[in-house]
Amino acid sequence: MEIGTRYEPQSIEMKWYKHWLEKKYFTPKGAGPKYSIVIPPPNITGRIHMGHALNLTVQDILSRYKRMQGFDVLWLPGEDHAGIATQTAVEKFLATQGKSRRDYSREEFLDIVWNWADKYRKEIRKQIIAIGASVDWSRERFTLDDGLSKAVRKVFVDLYKKGLIYKGKYIVNWCHRCGTVLSDEEVEYEEEEGALYHIKYSIKGEDGYIVIATTRPETMLGDTAVAIHPSDERYKGYAGKVAILPIVGRELPIIADSYVDPSFGTGALKVTPAHDPNDYLIGQRHNLQFVDIFDDHIVINENGGQFKGMTAQQARKAIVEQLEAEGYLVKIEPLKHSVGRCYRCGTVVEPRLMDQWFVSMKPLAKRAIEAVENDEVTFVPERWKKVYLNWMNEIRDWCISRQLWWGHRIPVWQCQDCGHYNVAEEEPHVCEHCGSTNLKQDEDVLDTWFSSALWPFSTMGWPERTADLERYYPTDVLVTGFDIIFFWVARMIVMGYEFMGERPFKEVYIHQLVRDKHGRKMSKSLGNGIDPLEVVDEYGADPMRFTLAMLAAQGRDLKLDVRFLDTYKKFANKIWNATRFVLMNLDDFEKVEVKPSDLKLADRWILSRLQKATKKVTEALDGYDFNVAAGEMYSFFWDELCDWYIEAVKNRLKTSDRKIVQNVLVDVLDASLRLLHPFMPFLTEELWTKLPTAGESLVIAQWPKYIEELVDESSEAEFSRLVDMIRGIRNIRAEVNVPQSTRVKAFVKGKLTQEEQEYIEFLGNVENIEFVESRPEKCATAYVSPTIEVYVSLGTLIDISSEITRLRKKIEKMRSDMDKFAKKLYDKDFLENAPEDVVEETKEKQRTFSEQIARIEQIVTDLEETTN
RNA sequence: GGGCGCGUAGCUCAGAGGGAGAGCGUCUGCCUUACAAGCAGAAGGUCGUAGGUUCAAGUCCUACCGCACCCA
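With the working numbering, letter number 546 in the first sequence gets 561, and the count goes up by one each step, no holes.
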């Protein structure tokens, strides 16, 4: 069976994905131990990015690994309607055509978004497929599907009936660009250059004044008090007096409240209860007036008097100018302060007092906190547990209403006659309170994350009691990034316990966020994004997956440099060519049961190494150490299988060993491809199916077992000695520039097996080894151990003095290595306190070194005598 | 202000108590019949700084310096 000399991903990938789908390998059979994962549904806003690629790769590695271990694997795919993000994207698109959503009716606009959704869901599906994700498409879900919408309504109604959802007027975050409120989590704070304005507020009935400091002078239009710290000596006696708001003339009570930080600014705080969350609390405590000065577009409203119609920015400028003109402005200091912006569009959010729907989180969080504290739900890496608990312990109520059109409409119908909220899963026609038929549904939709929170069970058919729920809930692991622990993970845990009475998943594996090679976020504006689809086109899905796995250490950032993709594409090519070599030598292959007595040193060595690799990969995957697992396969395959075993057996394929070697090669390659399959599914399937031992498909092939009987320490030690001897010879060849085409003569003092002798001759490019009692003349020393020495004859090439220099350098290096051990052994404390095996080991190392050094020194002395 | 993480080879990163590792890059030599996307070799490191714990510290502790991130 011939295959091409180069690995070409394009020609193999989609062929196999199609085949796997036809065979329905990704649809669980419903029998045996189960393993389930629900996908973090990508937003339908656009193309997936490298973060998704990492997320999908990790899940696919787990799914394929477990499938090969015999689990009945369900990996459930789907997409998220992503309320704000999608509506923003669609509005941006409409804007390019000079339109806005207000040019359409709600129904017309939703039609447009549904078209968008269909288009992008198709795109996303294609991209998930391109990565090779083994998801069960027959169970694909969308957060706005009928079933999931039903789940959303049921949860809303249930929580409302339990008194855990309420409507109320509180300070919320308003994004005027998106035209909606946001939850606290949806606001991103950043330090920005601003200014601290010091403004005089005169005291009523006195000549004096009090100077307040603020970063937002325009909000003074909504001031209803001035606050000072009760124990601030500077303002002793001020509390109870009345200040006069400049320009406006409103009378403001001066109050004492310990919230005020005396060390900030002047220690006197203007209080604007309608436009600042902390001021709001002060306002409540002191029964202050709430004056809202903005409309929905954050333009000053009628409460702003002469400034009405100005934007916040315009108002700030005008107000500061007027304050200055009237002598109220004391000074303006530059100040860095944190500014909150909308996580979807970056607009500065305005705290406003609004009537919204909230989920009361404290009671719900209780069980979810307990679960993580008791390790019913565990985080990997563990440190995220603390992050989760810190947040959950200080959780605030969740604002869930959004002034959008795209999303789950809030299932509340207010009676237009009596004002009663009719909260129901199905549209009511009569007010349950007064019997009126004059009902109007709430205009708002729910926060996207409200539906995402139900994802682990809503996707499996809840509230119906389906077979899928019975079998696959709870899921085994959730794989996601740390950026959505609060948005999503925490809320899923909450809802899972509340509605299923059970955790939604056992483990949460938090992977890194993908960044560019400098550690910056990948973003369109920086132009540093790497598009996974382009990577798949250019390098192939397998090298991309392997690259991501290699980089998936348990840190916080994954800095992706395209150079890695080159490296691992080369690895894929290496696998391709190693298989090619094996296949080229299998014309007369016959599967035989290899008996231990048939095995030669190299065979025993590679089989032993394979066992260790199998064990290491398996353990690493069980512990989510993807980089360790991938790294182990990289070095086993390349450094051991290719560089040594394959090279070592090339000659043996021409001898009576051929049959044994063929069988060992096929076995080791077969197992290697299995171990690599979760990382590189396409390539391994393509190659594996060409092996004479292949079964139907690697997807459903068995994961290799660790066979303890094949672990052979003494063969490993012996082979590694052999490797050292060969390296010693190669070293000398390289140093004196003996070209590859020239064979050198070598001498050995000591014993070698026939097999070892052949390997040294072949791999060291040496002609018939001669056994000697002592070092022959005109020879360089290649290897020295207590029992064996290897010399390379250099004839006229040898330069005695440079050989002496070379050996002296070697001695020096060995001495410095040995000194570390010798020093320890001189140390009484070490001998007394270190564990016995460590002491023994150290003694052994020291002995080996000193013997070798002594021997090389002897050789140097001999050489020096020859020159004299 | 509170918290988390990170400073290891020129670059990107592994390693988390007992001889400093990988890939890329650099240098030298090879078109050796699987692979030049390759092979063989080499150079390159006070493991951020200062203390401490320990027989033993990149590895554990403390402080500091620098870089990120989360929360207020």
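Glycine included, every Cβ here is placed at the ideal spot set by N, Cα and C.
Going by the CB atoms, is the gap between Thr-234 and Val-287 shorter than 7 Å? Per the sequence shown, the amino acid found at residue 287 is Thr instead of Val. Closer than 7 Å, so yes.
Would you decide whether Tyr-841 is buried or exposed? Buried here means 16 or more other CB atoms lie within 10 Å of its CB. For Tyr-841, the number of other beta carbons within 10 angstroms of its own is below 16, and it is reported as exposed.
Assumed close pair Leu-616, Ser-730 - CB separation to whole angstroms, cut-off 8 Å: Taking 8 Å as the upper bound for CB-CB distance, Leu-616 and Ser-730 are in contact here, some 6 Å apart.
Helix, strand or coil for Glu-926 per DSSP? In the structure as shown, the chain begins at 16 and stops at 883. Residue 926 is therefore absent and cannot be evaluated.
Please report the distance separating the alpha-carbon of Ala-254 from that of Asn-293. Per the coordinates, the alpha-carbon of Ala-254 lies some 19 Å from the alpha-carbon of Asn-293.
Compare the Cα-Cα distances from Asp-581 to each of Asp-546, Arg-571, Leu-598 and Phe-561 and report the closest residue. Asp-581 has its Cα closest to that of Phe-561, out of Asp-546, Arg-571, Leu-598 and Phe-561.
Do Tyr-181 and Ala-587 have their C-beta atoms within less than 7 Å of each other? No, the Cβ-Cβ distance between Tyr-181 and Ala-587 is not below 7 Å.
What's the gap between the Cα of Lys-858 and the Cα of Phe-836? In this structure, the straight-line span from the alpha carbon of Lys-858 to that of Phe-836 is close to 7 Å.
So which of His-444, Val-257 and Tyr-512 has the shortest CA-CA distance to Pro-378? The candidate whose alpha carbon is nearest that of Pro-378 is Tyr-512.
Assuming contact is defined by CB atoms lying nearer than 7 Å, are Ser-891 and Ala-104 in contact in what I supplied? Given that the chain is displayed from residue 16 to residue 883, the structure contains no residue 891 and the question cannot be resolved.
Are there 16 or more other CB atoms within 10 angstroms of the CB of Pro-850, so buried, or fewer, so exposed? Pro-850 is exposed by the Cβ-count criterion.
Phe-561 bridges to which residues according to DSSP? Beta-bridge pairing by DSSP links Phe-561 to no other residue.
Which runs of the alpha helix (DSSP H) at least 4 residues long sit entirely within the segment 127-191? Give them in chain order. Every alpha helix (DSSP H) stretch that sits fully inside the segment 127-191 and reaches 4 residues is listed by chain position as 161-176.
Output the distance between the C-alpha atoms of Lys-574 and Tyr-250, rounded to the nearest integer angstrom. In a straight line, the C-alpha of Lys-574 is about 53 Å away from that of Tyr-250.
What distance in whole Å lies between the Cβ atoms of Met-369 and Val-202, which are believed to be in contact at a cut-off of 8 Å? Separation of the CB atoms of Val-202 and Met-369 is rounded to 15 Å, and the pair is thereby denied contact status at 8 Å.
From Ile-18 to Ala-645, what distance separates their C-alpha atoms? Distance between the alpha carbons of Ile-18 and Ala-645 is about 25 Å.
Kindly confirm or deny that the segment 380-395 and the segment 502-522 touch, where touching means at least three C-beta pairs closer than 8 Å. Judged by Cβ distances under 8 Å, the segment 380-395 makes contact with the segment 502-522, as three or more pairs qualify.
Report, in whole angstroms, the separation of the C-beta atoms of Leu-267 and Asp-238, which I expect to be a contact under 8 Å. 6 Å between Cβ atoms; contact.
Who pairs with Glu-206 in a beta bridge, going by DSSP? As a beta-bridge residue in DSSP terms, Glu-206 pairs with Ser-353.
Spatial distance of Ala-327 from Phe-86 (CA atoms): The C-alpha of Phe-86 is placed about 60 Å away from the C-alpha of Ala-327.
Ordered along the chain, which non-local residues of its own chain (more than five positions away) have a Cβ less than 7 Å from that of Leu-668? Cβ neighbours of Leu-668 beyond the five flanking positions: Asn-600 and Val-676.
By how many angstroms is the C-alpha of Ala-383 removed from the C-alpha of Asp-483? As the crow flies, the alpha-carbon of Asp-483 is around 24 Å from that of Ala-383.
Using the DSSP secondary-structure output, state which residues sit across from Glu-770 in a beta bridge. Partner(s): none; Glu-770 has no beta bridge.
Do Trp-413 and Ser-198 count as a contact pair if the criterion is CB distance below 7 Å? With respect to the 7 Å criterion, Ser-198 and Trp-413 are classified as neighbours on the basis of their beta carbons.
Rounded Cβ spacing between Ile-415 and Trp-372 (contact assumed at less than 8 Å): Ile-415 to Trp-372, Cβ: 5 Å. Contact.
Closest residue to Ala-564 among Ile-52, Lys-606 and Ala-635 (Cα-Cα distance): Selected option, being the one with the closest Cα: Ala-635.
State buried or exposed for Asn-130, treating a residue as buried only when at least 16 other CB atoms are found within 10 Å of its CB. Exposed.
When you compare the CB positions of Val-438 and Val-445, do they come within less than 7 Å of one another, or not? No, these two residues do not count as a Cβ contact at 7 Å.
Spatially closest choice to Gly-434 from Lys-860, Ser-451 and Ala-333, by CA coordinates: Considering only alpha carbons, the answer is Ser-451.
Considering only the beta carbon of each residue, do Pro-56 and Asp-95 sit closer than 7 Å? In this structure, the beta-carbon distance from Pro-56 to Asp-95 falls below 7 Å.
Name the residue from Ile-227, Arg-265, Trp-152 and Val-128 whose alpha carbon lies nearest to the alpha carbon of Lys-39. Per the Cα distances, Trp-152.
Beta carbon of Gln-337, beta carbon of Ile-262: below 7 Å? Closer than 7 Å, so yes.
Roughly how many whole angstroms lie between the Cα atoms of Lys-49 and Ala-468? Looking at the two C-alpha atoms, the distance is approximately 23 Å.
Measuring CA to CA, which of Glu-608, Leu-656, Ser-149 and Ala-593 is closest to Ile-623? Note that residue 623 is Ser in the sequence shown, not Ile. Shortest Cα-Cα distance from Ser-623 to any of Glu-608, Leu-656, Ser-149 and Ala-593 involves Leu-656.
Buried or exposed: Asp-108, going by 16 or more other Cβ atoms within 10 Å of its Cβ? The sequence shown places Phe at residue 108, rather than the Asp named in the question. The residue is exposed, with fewer than 16 neighbouring Cβ atoms inside 10 Å.
From the DSSP output, in three-state form, read off Thr-90 for me. Looking at the sequence provided, one finds Trp at residue 90 rather than Thr. Three-state result, Trp-90: strand.
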